[in-house]
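*Asks:* As you go down the protein sequences, you meet chains U and Z in turn. Quick note, our numbering runs 53 ahead of the 1-based positions in the first sequence. Quick note, our numbering runs 53 ahead of the 1-based positions in the second sequence. Glycine included, every Cβ here is placed at the ideal spot set by N, Cα and C.
2 protein chains.
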Amino acid sequence: MIMRDRIEEAAKRAFSEFGYKGTTMDQIARLAGVSKGAIYLHFPSKEALFQHMLRDVIAKVREAFEAAQVEGDDYFRNLERGLRALMQFRGDHAMLSKLVQEVRQFGTAEARAGLQEIEGAVVDYLARHLQRGVELGVVRRCRVDLVAFVLLRAYTAVLRDFSPARGPLSEEDLYQLFISVFVDGLRLKERETAAEGRPTGEGG
Amino acid sequence: MIMRDRIEEAAKRAFSEFGYKGTTMDQIARLAGVSKGAIYLHFPSKEALFQHMLRDVIAKVREAFEAAQVEGDDYFRNLERGLRALMQFRGDHAMLSKLVQEVRQFGTAEARAGLQEIEGAVVDYLARHLQRGVELGVVRRCRVDLVAFVLLRAYTAVLRDFSPARGPLSEEDLYQLFISVFVDGLRLKERETAAEGRPTGEGG
DNA sequence: CTTCTGACCAAAATTCTAATTTGGTCACTC
DNA sequence: GAGTGACCAAATTAGAATTTTGGTCAGAAG
Chain U
54 MIMRDRIEEA
64 AKRAFSEFGY
74 KGTTMDQIAR
84 LAGVSKGAIY
94 LHFPSKEALF
104 QHMLRDVIAK
114 VREAFEAAQV
124 EGDDYFRNLE
134 RGLRALMQFR
144 GDHAMLSKLV
154 QEVRQFGTAE
164 ARAGLQEIEG
174 AVVDYLARHL
184 QRGVELGVVR
194 RCRVDLVAFV
204 LLRAYTAVLR
214 DFSPARGPLS
224 EEDLYQLFIS
234 VFVDGLRLKE
244 RETAAEGRPT
254 GEGG
Chain Z
54 MIMRDRIEEA
64 AKRAFSEFGY
74 KGTTMDQIAR
84 LAGVSKGAIY
94 LHFPSKEALF
104 QHMLRDVIAK
114 VREAFEAAQV
124 EGDDYFRNLE
134 RGLRALMQFR
144 GDHAMLSKLV
154 QEVRQFGTAE
164 ARAGLQEIEG
174 AVVDYLARHL
184 QRGVELGVVR
194 RCRVDLVAFV
204 LLRAYTAVLR
214 DFSPARGPLS
224 EEDLYQLFIS
234 VFVDGLRLKE
244 RETAAEGRPT
254 GEGG
């Protein structure tokens with residue numbers, strides 16, 4: 054069983070450095086110090102090996118989210134911290150960021166499908182997290198799958214496309230956005246008017 | 054000046070049908086019934102002509118948003134109707150949907166830049182709309198540019214990537230998402246607990 | 001037997017080159 | 001001055017030649 058581990062280790066390194074398309078089975082075999090045929094004793098194809106490695110990534114993503122949770126802290130504070138941890142993870146995890154680059158640069162179908170699979174898993178996980186919030190009575194009843202998807206995409210879009218183009222966002226900016234848009238909602242409640250920092254109530 | 058109009062009309066038709074890369078200056082000239090040199094009397098390059106046509110699209114997008122507004126109706130109802138109109142517009146407007154397809158299929162740089170320009174203009178427009186809401190006292194104070202960006206991206210993502218993969222969304226689903234996530238916020242307020250449709254307050 | 005190897009193959013990707021097409025120009029016509 | 005279209009360098013395409021790649025399998029190793 055030591056051989057299988059060596060193959061997985063080599064595959065992880067290769068996919069992380071060269072992406073899906075840029076990695077060859079020969080390369081993995083060489084890196085693992087085994088023959089090419091040996092790989093096929095454990096995995097039926099390059100794509101199967103790749104998808105096996107993706108499962109590792111998915112597990113790690115969850116761990117990153119969970120590691121950001123602080124026991125006893127406010128539900129939404131924890132959720133926001135988790136979302137930020139997910140964003141951080143994308144930059145830190147070599148294989149993930151390589152796949153993102155590969156899709157952008159070459160549009161490799163397998164890499165694209167892989168990222169979609171990861172996103173799907175993360176959305177599922179987030180949805181379950183939200184569902185727990187609903188059952189705890191802190192989150193409004195809603196289509197948690199849809200909300201999870203929107204949260205993830207919103208964070209990704211803001212950090213990837215907004216921030217670089219229109220000036221960087223501080224953690225505080227992001228947290229304020231999260232609270233004011235998603236948590237409290239955009240509608241200004243009557244009783245909040247005075248607290249909004251407007252000195253007088255006179256409106257044009 | 055009739056000649057310039059003929060050129061613009063031909064350019065619009067050509068870009069709409071063949072995209073940026075697929076359209077040639079000869080083609081536009083033929084379609085407009087003028088010589089190629091004539092085009093260069095009015096536009097310094099293919100790209101300049103293309104960007105001129107984009108300004109038309111941007112104006113039309115705004116009109117589509119405004120046409121969806123109902124005088125006297127609730128601000129957020131109008132906003133949601135406007136967002137849905139923007140989504141509709143993308144599918145209906147030939148040049149816009151062709152550019153989206155071109156970017157997906159070939160990744161043409163000019164088409165990508167064009168779409169970004171349109172998005173930027175729409176976000177600016179939406180941000181001003183939100184700012185008016187803030188001044189009217191119906192929208193919470195916030196970074197309207199960031200919120201406008203998030204709203205547009207959220208709607209696009211849901212309709213383009215969520216809905217096709219996980220079953221279609223009715224207008225009602227979308228409106229509920231909009232209200233519960235963006236307008237009222239995800240946080241369940243104390244007084245709402247009873248109204249949420251849960252018969253008794255007992256929670257496991 | 002099972003575990004593993006590496007030469008081998010068809011298919012896919014890449015490279016090289018010739019031929020075509022394209023955006024843009026300009027001497028010329030009207 | 002407004003408009004034309006032959007013309008050009010540069011970019012794109014076409015397609016054959018070559019290399020690389022995922023996957024196989026007869027046989028070595030244990």
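Which residue wins for smallest C-alpha separation from E163/Z, given the options S233/Z, H146/Z, G90/Z and S98/Z?
*Replies:* Within the second sequence, residue 163/Z is the residue found at index 110, counting from 1. Among S233/Z, H146/Z, G90/Z and S98/Z, the Cα nearest to that of E163/Z belongs to S98/Z.
*Asks:* To the nearest angstrom, how far is the alpha carbon of S150/U from that of Q104/U?
*Replies:* Counted from its first residue, the first sequence places residue 150/U at position 97. Counted from its first residue, the first sequence places residue 104/U at position 51. Answer to the nearest angstrom: the Cα atoms are 16 Å apart.
*Asks:* For the region 223–237 of chain Z, which residues have a CB atom closer than 8 Å to at least one CB atom of chain U, in sequence order?
*Replies:* Residues passing the 8 Å Cβ filter: D226, Q229, L230, S233, V234, F235, V236 and D237.
*Asks:* For R192/U, which of helix, strand or coil comes out of DSSP?
*Replies:* Counting from one through the first sequence, the residue named residue 192/U turns up at place 139. For clarity, residue 192/U is Val in the given sequence; the question names Arg instead. It is a strand residue.
*Asks:* With a cut-off of 8 Å on the beta carbons, I'd call L102/U and I92/U a contact; round off their distance for me.
*Replies:* Here the question's residue 102/U lines up with position 49 in the first sequence. Here the question's residue 92/U lines up with position 39 in the first sequence. Contact holds; Cβ gap of about 7 Å.
*Asks:* Cβ of A63/Z within 7 Å of Cβ of L94/Z?
*Replies:* The sequence position of residue 63/Z within the second sequence is 10, counting from 1. The sequence position of residue 94/Z within the second sequence is 41, counting from 1. Their beta carbons are not under 7 Å apart, which means A63/Z does not touch L94/Z by this criterion.
*Asks:* Is DSSP giving R240/U helix, strand or coil here?
*Replies:* Locating residue 240/U in the first sequence gives position 187, where the first residue counts as 1. Here R240/U sits in strand by DSSP.
*Asks:* For G256/U and V176/Z, I'd like the C-alpha separation in whole angstroms.
*Replies:* Here residue 256/U refers to the residue found at position 203 of the first sequence. Here residue 176/Z refers to the residue found at position 123 of the second sequence. Any reading at G256/U must be qualified, since the residue scores a pLDDT of 32, below 50, and its modelled position is unreliable; no value is offered.
*Asks:* Is the Cβ of V114/Z closer than 7 Å to any Cβ of chain U?
*Replies:* On the second sequence, position 61 is the one that residue 114/Z refers to. It does not: the Cβ of V114/Z has no partner Cβ on chain U nearer than 7 Å.
*Asks:* So which residues on chain Z does D145/U lean against when the C-beta distance must stay under 9 Å?
*Replies:* Sequence index remark: in the first sequence, residue 145/U carries index 92 (1-based). The premise fails here: D145/U is roughly 24 Å from chain Z at the closest Cβ pair, so nothing lies under 9 Å.
*Asks:* Output yes or no for whether 7 Å exceeds the beta carbon distance between G86/Z and E155/Z.
*Replies:* Here the question's residue 86/Z lines up with position 33 in the second sequence. Here the question's residue 155/Z lines up with position 102 in the second sequence. No, the Cβ-Cβ distance between G86/Z and E155/Z is not below 7 Å.
*Asks:* Closer than 9 Å between beta carbons: that is the criterion. Which residues of the region 187–204 of chain Z meet it against chain U?
*Replies:* Result list: V187, E188, L189, G190, V191, V192, R193, R194, C195, R196, D198, L199, V200, F202, V203 and L204.
*Asks:* State the start and end residues of the unbroken alpha helix (DSSP H) segment that holds T209/U.
*Replies:* By one-based count along the first sequence, residue 209/U stands at place 156. Looking at the DSSP string, the run of the alpha helix (DSSP H) that includes T209/U is V197 to A210.
*Asks:* So with Cβ pairs under 7 Å, would you call I55/U a contact of chain Z?
*Replies:* Counted from its first residue, the first sequence places residue 55/U at position 2. Output row for I55/U: interface = no.
*Asks:* Against A207/Z, what residues of chain U qualify as contacts under a CB-to-CB distance less than 7 Å, listed in chain order?
*Replies:* As a position in the second sequence, residue 207/Z is number 154, starting the count at 1. Those within 7 Å of A207/Z in chain U are V203, R206 and A207.
*Asks:* Please list, in chain order, all residues of the same chain as E170/U whose beta carbon is under 7 Å from its beta carbon, the five residues on each side excluded.
*Replies:* Numbered from 1 along the first sequence, position 117 holds the residue referred to as residue 170/U. L107.
*Asks:* Are the beta-carbon atoms belonging to V203/U and A207/Z less than 7 Å from one another?
*Replies:* As a first step, residue 203/U is located in the first sequence; it is residue number 150 there, counting from the start. As a first step, residue 207/Z is located in the second sequence; it is residue number 154 there, counting from the start. In contact: V203/U and A207/Z (Cβ atoms closer than 7 Å).
*Asks:* So, does the CB of F118/U fall closer than 7 Å to a CB anywhere in chain Z?
*Replies:* In the first sequence, residue 118/U corresponds to position 65, counting from 1. Answer no: the Cβ-Cβ gap between F118/U and chain Z never drops below 7 Å.
*Asks:* Mapping the DSSP letters down to three states, classify L222/Z as helix, strand or coil.
*Replies:* By 1-based counting over the second sequence, the position of residue 222/Z is 169. The answer is coil: DSSP assigns L222/Z none of H, G, I, E or B.
*Asks:* According to DSSP, is A100/U part of a helix, a strand, or is it coil?
*Replies:* In the first sequence, counting from the first residue as 1, residue 100/U sits at position 47. The displayed chain sequence assigns Glu, not Ala, to residue 100/U. DSSP places E100/U in helix when its eight states are reduced to three.
*Asks:* Would you please state the rounded distance, in angstroms, between the beta carbons of R137/Z and L239/Z? I believe it to be under 8 Å.
*Replies:* Counting from one through the second sequence, the residue named residue 137/Z turns up at place 84. Counting from one through the second sequence, the residue named residue 239/Z turns up at place 186. About 21 Å separates the two Cβ atoms, so there is no contact after all.
*Asks:* If V336/U and F142/U are in contact, beta carbons under 8 Å, what's the gap, nearest whole angstrom?
*Replies:* The structure shown does not extend to residue 336/U, since chain U is modelled only from 54 through 257, so no value can be given for it.
*Asks:* When you compare each of G173/U, S69/U and M78/U to I111/U by their alpha carbons, which one comes out closest?
*Replies:* One-based indexing of the first sequence puts residue 111/U at position 58. Out of G173/U, S69/U and M78/U, G173/U has the C-alpha closest to the C-alpha of I111/U.
*Asks:* I'd like the list of long-range same chain contacts for M78/Z, defined as Cβ closer than 8 Å, with 5 residues on each side in sequence excluded.
*Replies:* As a first step, residue 78/Z is located in the second sequence; it is residue number 25 there, counting from the start. Contacts found: K89, I92 and K99.
*Asks:* Report yes or no: is there a C-beta of chain U within less than 7 Å of the C-beta of A166/Z?
*Replies:* Stepping through the second sequence from its first residue, residue 166/Z is reached at position 113. By this cut-off, A166/Z is not an interface position.
*Asks:* Could you spell out the range, first to last residue, of the alpha helix (DSSP H) harbouring R134/Z?
*Replies:* Here residue 134/Z refers to the residue found at position 81 when the second sequence is read from its first residue. Taken as a continuous stretch (DSSP letters only), the alpha helix (DSSP H) holding R134/Z covers Y128 to D145.
*Asks:* Do you know whose CA, among E224/Z, Y178/Z and R59/Z, lies nearest E133/Z's CA?
*Replies:* The residue labelled residue 133/Z in the question sits at position 80 within the second sequence. Nearest option by C-alpha distance: E224/Z.
*Asks:* Output needed for K74/U: all residues of its chain with C-beta closer than 8 Å, excluding positions within five of it in sequence on either side, in chain order.
*Replies:* Position 21 of the first sequence, counted from the first residue, corresponds to residue 74/U. Cβ within range, chain order: E155, F159, T161, E163 and A164.
*Asks:* Shortest alpha-carbon distance to G186/Z belongs to which of V123/Z, F129/Z, M140/Z and K65/Z?
*Replies:* Here the question's residue 186/Z lines up with position 133 in the second sequence. Cα-wise, what sits closest to G186/Z is F129/Z.
*Asks:* Spatial neighbours of E249/Z within its chain, please: CB distance less than 6 Å, with the 5 preceding and 5 following residues excluded, ordered by chain position.
*Replies:* What you label residue 249/Z is simply residue 196 of the second sequence in a count that begins at 1. For E249/Z, the pLDDT reaches just 44, beneath the cut-off of 50, and the residue's location in the model is therefore unreliable, although a value from the coordinates is still provided. None.
*Asks:* With a 10 Å radius around its C-beta and 16 neighbouring C-beta atoms as the bar for buried, classify I55/Z as buried or exposed.
*Replies:* Residue mapping note: residue 55/Z aligns to position 2 of the second sequence, counting from 1. I55/Z is exposed by the Cβ-count criterion.
*Asks:* Consult DSSP for V234/Z and reduce its assignment to one of helix, strand or coil.
*Replies:* Counting from 1 along the second sequence, the entry for residue 234/Z is found at position 181. Here V234/Z sits in helix by DSSP.
*Asks:* When the distance is taken between beta carbons, is L241/U closer than 7 Å to R193/Z?
*Replies:* Here residue 193/Z is taken as the residue at index 140 of the second sequence, counted from 1. Here residue 241/U is taken as the residue at index 188 of the first sequence, counted from 1. Yes, they are a contact pair.
*Asks:* Taking just the CA atoms, how far does H146/U sit from R59/U?
*Replies:* Working through the first sequence from its first residue, we reach residue 59/U at position 6. Working through the first sequence from its first residue, we reach residue 146/U at position 93. Their backbone Cα atoms lie some 20 Å apart in a straight line.
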